[in-house]
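Q:
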Amino acid sequence: MGSQLEDLKTAIRQALPDLDVVIAWAAGPDGLAHTPLFITSESDVDLVQWDPRCSQNLAGYLPGLRGKKVGIVAKGCDARSITELLQEKLIDREQLTVFGLHCQGALDPEKIAAMADCGRYVRSAEINGGELKIVSSKGACAISLENGLLAKCFRCTGADAQPCDQFIGEHGAPPVLKDAPATTLDRLEAMSMEERFQFWEEQMGQCIRCYACRSACPLCVCQDHCAAQSREPHWVDQTDHPREKLMFQAMHALHTAGRCTECGECERACPVGLPIMTMKQALNRQIKALFDYEAGLDSEKTPPLFQFRENEEHIKERKW
Amino acid sequence: MSVLEGKELRIIGFLCNWCSYGGADTAGVGRFTQPTDLRIIKLPCTGRINPLFVVRAFLNGADGVLVSGCHPRDCHYTAGNFYARRRLEVLRSLLPVMGIEPARFEYTWVSASEGQRWRTVVQKFTEQIHGLGPIPAFKSGTCLEACLGTAI
Amino acid sequence: MSENPGTNLYLPFMATIQEVVRETQNIKTFRVTLNDPEQMRNFRFAPGQVGQLSVFGVGESTFVINSPPTRMEYLQFSVMRVGELTTRLHKLRKGDQIGVRAPLGNSFPFEDMKGKNVVFVGGGIGMAPLRTLLLYMLDNRTDYGDITLLYGARSPSDMAFSYELPDWLARKDMSTVLTVDNGTPDWAHKVGLIPNVLKEMNPSPENSVAVTCGPPIMIKFTIQALHALGFQDEQIITTLEKRMKCGVGICGRCNIGSKYVCQDGPVFTYAQLRELPNEL
Amino acid sequence: MGAARCIKKDALLTWLEEVGKSRLVLAPRAQGKSTAFLPFDPAKGISLSGLATSSPKQALIPRHEALLEFRYTKTDQVPAQTGLAVRELIPNQPTLVFGARPCDARGFTVLDRVYDAGAKRDVYYCARRDKTIVATVACTEPADTCFCNRVGGGPGDSAGSDILVTELDQLYVLEAVTQRGEAFLLEQKLPDATELADKAQAARAAVRAAMPEGDSLLGAPDKVGALFDEMPFWDGVAAKCLSCGACSYLCPTCYCFNITDESKGGQGVRVRTWDNCMSFQFTLEGSGHNPRATKSQRMRNRVGHKFCYYPTLHDGALSCVGCGRCIAHCPVSMDIRRIVSKALTYEKAAKEHSNV
Amino acid sequence: MNIGVFVCHCGSNIAGTVDTVAVAKAALAYPEVVFATDTMYACSEPGQAGIIEAVQKYELDGVVVASCTPRMHEATFRRTVERAGLNRYMFEMANIREHVSWIGKDKDANTNKAAELVHIAVEKLRRNTELTAGEFTINKRVMVIGGGVAGIQAALDCADGGLEVVLVEREPSIGGKMSKLDKTFPTVDCSSCILGPRMVDIAQNPNITLYTLSEVESVDGFVGNFDVKVRRKAAYVDWTLCTGCGECAAKCPSKKTPDRFNEFIGKTTAINIPFPQAIPKKASINAAACLMLTKGKCGACVKACPAGAIQFKQEDEIVTEQVGAVIVATGYDLFDFTQYGEYGGGRYPDVITSMQYERLLSASGPTEGHIKRPSDGKEPKDIVFIQCVGSRDKSIGRPYCSGFCCMYTAKQTILTKDHLPESQSYVFYMDIRSPGKGYDEFIRRAMEEYGARYIRGRVSAIQPKNGRYLIKGVNTLMGDQVEIEADLVVLAVGAEAAKGAPQLAEKLRISYDTYGFYMEGHPKLKPVETNTAGIYLAGSCQGPKDIPSSVAQGGAAASKVLGLFSKDKLASDPQVSSVSLQRCIGCAKCQSVCPFGAIEMTQFRGMTKASVIATVCQGCGNCTSACPQGAIQLSHFTDNQILAEVHALCPY
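Residue numbers (the numbering used here), protein chains in the order written: chain A, 1 to 320; chain B, 1001 to 1152; chain C, 2001 to 2280; chain D, 3001 to 3356; chain E, 4001 to 4652.
#1: Whose Cβ in chain A lies nearer than 8 Å to the Cβ of Arg1056(B)?
#2: Return no unless some Cβ of chain E is closer than 9 Å to the Cβ of Leu2276(C).
#3: Determine the extent of the alpha helix (DSSP H) in which Thr3014(D) is found, giving its start and end residues.
#4: Got a sec, what are the start and stop residues for the alpha helix (DSSP H) Ile4194(E) sits in?
#5: Residues in the same chain with beta-carbon distance under 7 Å from Arg3023(D), minus the five sequence neighbours each way, listed in chain order, please.
#6: What distance in whole Å lies between the Cβ atoms of Ile2098(C) and Ala2015(C), which are believed to be in contact at a cut-off of 8 Å?
#7: Can you grab the Cα-Cα spacing for the pair Lys4295(E) / Pro4366(E), in whole Å?
#8: Which residues in the same chain as Ala4501(E) place their Cβ atom closer than 8 Å to its Cβ, once the five residues preceding and following it in sequence are excluded?
#9: Assign Pro4349(E) to buried or exposed, taking buried as 16 or more other Cβ atoms, counted over all protein chains shown, within 10 Å of its Cβ.
#10: Is Arg1085(B) helix, strand or coil when you go by DSSP?
#11: By how many angstroms is the C-alpha of Leu1094(B) removed from the C-alpha of Glu2003(C)?
#12: Cys2251(C) versus chain D: which residues are under 9 Å apart at the beta carbon?
#13: Can you tell me whether Lys2114(C) is buried or exposed? The criterion is at least 16 other CB atoms within 10 Å of its CB, across all chains shown.
#14: Could you name the residues of chain D that Leu1009(B) contacts, counting a contact when the two beta carbons are closer than 8 Å?
#15: Measure the C-alpha to C-alpha separation of Ala151(A) and Glu131(A) and round it to an integer number of angstroms.
#16: Please check if any C-beta of chain E sits within less than 9 Å of the C-beta of Glu88(A).
#17: Three-state secondary structure (DSSP) at Glu131(A)?
#18: Closest Cβ-Cβ distance between Lys3057(D) and chain B: below 9 Å?
#19: Just the chain D side, please: which residues come within less than 7 Å of Pro4628(E) by C-beta, in chain order?
#20: Around the Cβ of Met4607(E), are there at least 16 other Cβ atoms within 10 angstroms (buried) or fewer (exposed)?
#21: Does the beta carbon of Val3340(D) sit closer than 9 Å to a beta carbon anywhere in chain B?
#22: At a Cβ threshold of 9 Å, is His3329(D) touching chain A?
#23: Counting C-beta neighbours from all protein chains within 10 Å, is the total for Asp1074(B) 16 or more, i.e. buried, or is it exposed?
#24: CB-CB under 6 Å to Ala4278(E), same chain, minus the five flanking residues each way: which ones, in chain order?
#25: Taking the C-alpha atoms as reference points, what is the distance between Leu2276(C) and Val2267(C)?
#26: Would you please verify whether the beta carbon of Leu4028(E) is less than 9 Å from any beta carbon of chain B?
#27: Under a CB-based cut-off of 9 Å, is Cys3244(D) close to chain F?
#28: Distance cutoff 9 Å, beta carbons only. Does Gln4618(E) sit that close to anything in chain B?
#29: Three-state secondary structure (DSSP) at Glu1101(B)?
#30: According to DSSP, is Leu86(A) part of a helix, a strand, or is it coil?
#31: In the DSSP assignment, find the beta strand (DSSP E) that holds Phe3070(D) and state where it starts and stops.
#32: By the DSSP assignment, the alpha helix (DSSP H) with Val3303(D) in it spans what residues?
#33: Are Val4551(E) and Gln4048(E) touching if we call contact CB-CB under 9 Å?
#34: Would you check if the region 3314 to 3326 of chain D and the region 3146 to 3154 of chain D touch, i.e. whether three or more CB-CB distances between them fall below 8 Å?
#35: Look up His4636(E) in the DSSP assignment and say whether it is helix, strand or coil.
#36: In the structure shown, what three-state DSSP assignment does Glu4045(E) receive?
Pasting the structure below:
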C-alpha cells in the first residue's frame, strides 16, 4: 500500500494549489484508528495516512464547507454519501475534487481492542502483511485484518470510490469475506415484539443524548437546527426517558429513509456503542423491496420519499 | 380523562379533511353504529401526516393508529396521498423493529361518500386492536414519573 | 409551595399579573406583584437588574425590571414577542400566575453617576432598561445634573411607553427628543436615525455619562456618534441582552471569556466591554 | 484522617450489597459495549477494570433532574381563576459512589467550586453532595489516553474523594480522606487495616512513578487566553470536530446544563438536563443572534473554559482532570492534549498551521 | 388565554346519547378553559348570541364549539366569533354528532369520547394564532379551454360580462361535437342553425381571442394570476392572409385524406376547411396527407391560393396568456366501438357509430343528408340501433351511464323515418333513461308515432348474411331469442373522457376520476368549481352531459368567473405554510414535494432559504411533513398542534 499512499500524497500535492482544503486522514492518538486531517498547506500532506485504519467517512464535512473548493479522499462507501449529498444538491460537484480509493475494508477499533484485549493500553500498532501488530501493556499480538473489519465491510458492494476525479491505485472488487457477523436486525427478528420493545428500552437507557450519531451522520444536514433540540416543533422532550431517546432514533431513521447509505457512522460514533443503525437498515430493506432503490448510487435520481408513482407496483394495499 | 378503562383501547385516527373525515361524517349521518374507541384527529391531507406522528402516538401509549385519506387520484391537493402512501408504507417496516406489532397500524382510503366502508374499516380495525390488546408499556414508567423519581 | 425562594437559586417567587399594557403591535408590558405581601415588601433591587419570568410549562426568560425601585407598587417588565416563551407571555392576562426570579445581575452605576449630566439614548425595546434608571433619577432629581433623553423607534406606532411620553416631553427638568425612522403625517417629532439625531442634538461630554440600549446595529453607530461628540469609553454605559438560562452563573451560556453576563453584567461601560474578549 | 479498613476482593460484592440496604450504591457496571455508574445489583456485579465509559458525575448532576414540579389548579366555582402550585424537589438520597477513579473524584472538586460557591449554593447539587460518599479506587495502570499527571492530579490522588481504595493483592484497603468518609468507614463492619496504610501508599507511589511524564499543562491559562483572537488557530483545531456532545457528556467536569419545562396538560416539571457547549443551539438567542455561531468559536470556548476561564476564576485550577475520556470516545479521535500542547507552543508570527 | 367551550345538544341528536352537561364539566378542567356550558342549539340565533355574550363576559380569546361536523357549521361559528370581536381563526370545533352521538350507543363511552374530542380541540386552539387574509390583485382575463357548446357559452357569457376571453380549441374549428349533429332532441331543431350564430358571435366578439388548432402547453401561477402557455400548432397556412375561399382544397390532389370531421365516413383533401360553417373559416393542412410535407413535391395549393397564404415552413408557436381564471370545457370523446368484437364494428362496413350516422343524416355531411349504406351506397330498409355500447358495462371498465344515448337514438329513429318513410327501426336497449323535460314524451313519439320497435335486451352477435346482417339477441321482456335481419346497424356509443384529459388535469393541478372525467369541487354544492381556486368546469369534461346541461354549465362557470372577478382584489386563505428563516437550511425538500409550486428558493443574507408564495399555497401541509427540522409549518396544522392533540389523547 506504500505506493498507493505516495500516489495519493502526490495527487493531493498537485491539486492543493487550486483547492481551499483537502480532507484526508492522519495518524490518530492511538494506533487503532486514524483521524481526519484538514490539509491547507503543503507540509500537511506529509501527515496523510491511508490504510485500513481510515475508518471514518469524511463526506459528512462537505455540506459545512459549501462555498469552498474542497478536495476529499474517499473510500467506496464514503463516495456513496458524496453521491447522496450531490443528489440532494447539498454540495456542488464543480467545487469538489474527489480522490478516490480502492478499499479492502476498514478496521473497527472497538472490535480490535476487544480481540487483542488491549483496552486503552496500546503502546504501538502497525499494519504489516495483512495483520495489525499491536504492542500493549498486556503484551504483543497480531490481529488478522480480515477479522477486525467493520460490520459494514461484510456488506460492501463497491470498493472503488465513485464519483471520483482522481483514482489512486488499481480498481478492484470488494473484499471477499466470510462469516459476516450477525446484525442486530437479525437478532431482533428472532425476538417477540415485546422482547424487541424491551431491548430498545434497555439500549436507550444507556444513551447519553450526546447526538454523536446525528453529528457524525453525513446526511443529517439540519445539524444546528435539529428538531431533537427544538421546542418549535417540540417532537421530543429533553428528559432522559428511553421513550424520548427512542423517538429520536425513529426520527433519525425516518429522516434518512431512502437517503441513508448505511455508512455506519452513527454506530461508529456512538460513545456507548448502541446498535442505532438497525432501524435505518430495516427501512433500507423495505425501500429496496418497495421501490427497488438504494441510496448513494446515482446522483441524478430523486430519493423515493420525495416522489411517487400513481400505481405502486410493490405496494399491496389492504382491502377492507 | 382517558379511554374508558377496560372497555376501550386507545385508537387514534388521522383523517384527511376532504375525503375520509367526510366519509366518517357520512357514516354518522347514516347512523352506522361503530365501536367508540377511535378518536379522530383531522388533518388537511394525508400528505400532512409525518410518519413520526404515528411513532409518537405509539410511544405515548396508543394501542392502534389508523390513517385514512382520499383514494389515489382523488386527493384534494392532487398528490398528497401518493406521498403519504410511500411514507406510511416505509413506516410499516419500522414499527416491528421497534417492537410495535405492525398490525397496530393501518392506512386506507375512504371517500366522503363511503360511509358504509368507513364503518367497516372502523369495526375491523377496532377488532384487530382488541385482538392485540394494550401496547407494551415502558418499564421505566411514564416520563413524568421518571422525572419525579430522579433518584440518582 | 415556595418554601424558600432565595436559598433555592431556581425557585421563583410566585407572582400575579396585575395589569397588561399593550405598548405596540409586538410589545406588551406586564405589571406584577409577588403573591406573598411579605416578600413584596422586602423585595429590593437596583435599576438595571433583571429578572427571570417563568411561565410554567413553557420556561423562563430574562427581562429587565423597568419600573424603578422608587415605585414599588408593582414590578414592571416589557416583553417583545419573538419566541415561544414571549408568545405565551403575550397570551397571559390580568390575574394569571407567573414566577419571578429576581433580582439578578448588576445594576447601572447610579451612585457613581450622581452629580453628572446623563444622556439616555434608547432604541425600540431598548428603552425598557433605560426607563428604570430614568424614573429613578427623576424620583431623585436633585442628585443628578441635566437629563437628556433621545428615544427612537422604527415608526410612531412602534414607540413603547407612549402614554408617558407627553409627560416626559412636558417636564422642565429633563429634555426629551423623539425620533422615528419612518414618519407619518401626524408625527410632530424628529424623523431620522438615532445616531444622526444624536449628533444633531450635540450633547456635551463634559461631566456627562451616556446610557444607551437598543438593537446591536443602533448601539454600534450610537457609540461611534458618542465618540465623535467627545465621549470617552468610560462615559458610555450599555446593557447586554444575552441568552441566559440559570441566571446565577453556572449553566455556561452567557459567558464572555471568564465573565458571566448574568452575574457580572448585564450593565457594562464601553471601557469594560472593550476589555472583554470579542464574543458578543 | 485516620481510619483504614480492608476488605477481601471476593467479599466486595457482599459488602456493597450490605451498604446498599441503607443507601444507594452507584458502581461501574458493563452494559452492552460501555461501562457506566449504575445502581449496584449484586446479580450483575461491578466492573473495576480501567476507567468507566461515563464519569460518575451523574451521581451529583444527573442526566436529567426535576427541579420543580408545578400544577395548575382550578376550582369548579371560579374556573376563570387558575391557581398554580409549585413544589421544590430536593433530593434526599444517601448514596455511595464506589469505584470512581482519582480523576473522577478530582472532577467533583471542579464541580464543587461552581455549585457550592459560598453564598451561592445550588441546593440540588449540595443536597446530593452532602449525602454522597465517594469511594475512589486508585489506579494501577494508566491508559494511553490518561494524562492526570499533566493537569495537576495523579493516579493515586485523593482530592474529591471521601475514601481512597487501594488494591493490594487480594485486598482492597479503604482509607478515610474526609470526616464524612471517616464516619462512614467507622460504621462498616470491616477489619482494621491501619498497618496496611504505608503499603498502600507505597503501591500508589509506584504507579505514579511508573506513569510516563508529559509536559505539564498547568501553564495553559495565560497562553490559551492570549490566543483568543487567533482565529486561524481555532479554525485549525476545530476543523474536524463534529460538534457532538460525546466529550462533554462523558467528561467528569463538564457541568453546563439546560433547563426546560416539560408538561402534560396542567401538570409538569422544570427539568435540568445536561447540555453541551459545542452545540449551536446552546447559545442561540431568541432573536436569532448567536454569539458562538461557529464551531471554532465554540471550540475556543470549550478549551478556553477548561484551560483559561475556569482557572482564572478558581485560583488556577484547571477544569480538566486528565481522564482522557474525550480522547478515547471522540468519534473523530480529537485529542485535547494535542490542542493544549499546540496552544502552549503556538507562535502567532510563525503562522504555524494547527493541525492536531 | 381564556377559552370558552360550548357543548351543543342539537336537540336530542347529541344529548340523546351524550351527557352534554358532563362534557361541559369535563371541559372546564382543560388548560385555559375558563367557561364551559351546554347549549340547546349552538347554531341557532339564541345559541350564537350566547356565545357572543360569553366571549364578552368572560373575555374569551378563543371558542370551542362541540356540535356537528365542521363541514356543517364551521363557517357559521367563525362568523359568530368574529361578530363577538375575535379573530375568526380563534375557533375550533369538536365533532360530537356525526363522530360520536350518531354512531355510538353507549352513553358513558360517548360522553367520555366527546370530552376527549373537546380536549383535542382545546389543545389545538391554544396553539392557534390570529390570522388575517392577505390580498392580491387579479388579472381579469379568463381562458376557456375547449370550443364546444359549453365552452362557447362560457366564452360568450364572460365576454358579454365585459371580460377579455381567450378561447383555446384543439381542432381547426370551434363547434365541438354539437357542430357534427344533424338535429337535436327533443325539439328536432337543426343543430347548426342554433349553434352557428353562436360560433359567429365568438368570431366577432372583440373581447374574445380565439386560438384554434391549439393546445395548452403548461399552466403556472394561481387564481387571479395564471400564466398559460398555449401551443398553436402549425396550420401551414398563414391565417392572417387566408380568406377561407376554398380554392386550395379544390386543387389539392390528396383527395383521399381521412375526414375527421365526418367521422371518417367520407374523404377530404389534405388542405381543407373542415366544414362550411367552420369558425374560423380558415384552411389548414393535414401534414400526414400532404404530398409536399410528406414527399416534398406538389405545391398545388400554393398556386391555387389567391392570397399567398400557404406556408409549408410554418412551425408550432408558443404564446403566453396571462389570465385570472380558467374554464375547462374540453368535452368528451366517443367510445371505441371496436372493443365489442361481437358487433363487428370496424370489420363490417355497415356497422357504424351513432355519430357517423349523424353525419349521414346531416345535409352538410358526406352524403348530403341521404341515408346510404357505407358499403354499397344503397338506402337501408331495416336499421338496428344498439344502445349502451360502452356504457353501463363493468366488463370494459365503463360502468357509468352516458346519459344522452337513449335520447339521441330515439331522435335518430325519428329522423330515419322522416328520411326513409319505408324504413323500419329496431332499438335494442337495457333501460330507457329519459328524465329531462319533454324527454320521455319524445321517446314515446319515436315508438308510437314513428313506429320504432324497442326490444329490451342485448345483442349477442351480428353476422353478415347475404349482403345484410343477422342480428341475434334476446328479448328479456318476452324471454325469448330474437333474430333480426338489417341493412344497417348503428351503435349508440357512449361517452368517455376526452383524449389527453388526465394530462391537461395535471397541468391545471385539478383532480380527475378513474375514467378521466374532472372532479368538481363538491358533487352537489360546487358543480362547476374545482378544488383548485380559479379553475372551473363546464360541460362533458366533468361527466357526460346533453346540450342543455352543457350550456347551463357553461353559463354557470361564466357566472362563477364573473363573481370571482367582481372584486378587485382576492383574499388569500391565511391557513398556509410559512418558513422560519432561522431554522431553514435551504435543502429544498419542501419545494420538491409541493404539488402547487408554491415554494420558491430565495436568497437571504447570502443563504438559500425556502419561501412560501402565500397566494399559491393551498394548505395541504405536504411540505411540513417533508421538512426534517420542521422549519416550514402549516399554520393551524403545525407539528406542535398535532403533537398536542396526540399528547392529549395519549397521556403518558
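Heads up, the beta-carbon is just placed ideally off N, CA and C, and yes, glycines get one too.
A: Taking the geometry as given:
#1: Trp235, Met247
#2: no
#3: 3012 to 3019
#4: 4191 to 4204
#5: Pro3094, Thr3095, Leu3096
#6: 6 Å
#7: 28 Å
#8: Thr4330, Tyr4512, Gly4516, Phe4517, Tyr4518, Cys4541
#9: exposed
#10: helix
#11: Per-residue confidence for Glu2003(C) stands at a pLDDT of 44, beneath the threshold of 50, marking its modelled position as unreliable; no derived number is given.
#12: Tyr3255, Cys3256, Phe3257, Asn3258, Ile3259, Arg3272, Asp3275
#13: exposed
#14: Near Leu1009(B) there are no residues of chain D at all, since even the closest Cβ is about 20 Å away, more than 8 Å.
#15: 18 Å
#16: yes
#17: strand
#18: no
#19: Chain D residues near Pro4628(E): none, gap ~15 Å exceeds 7 Å.
#20: exposed
#21: no
#22: yes
#23: buried
#24: Ser4173
#25: 13 Å
#26: no
#27: Within the model displayed, chain F is absent; protein chains A, B, C, D and E are what it includes.
#28: yes
#29: coil
#30: helix
#31: 3064 to 3073
#32: 3295 to 3304
#33: no
#34: yes
#35: coil
#36: helix
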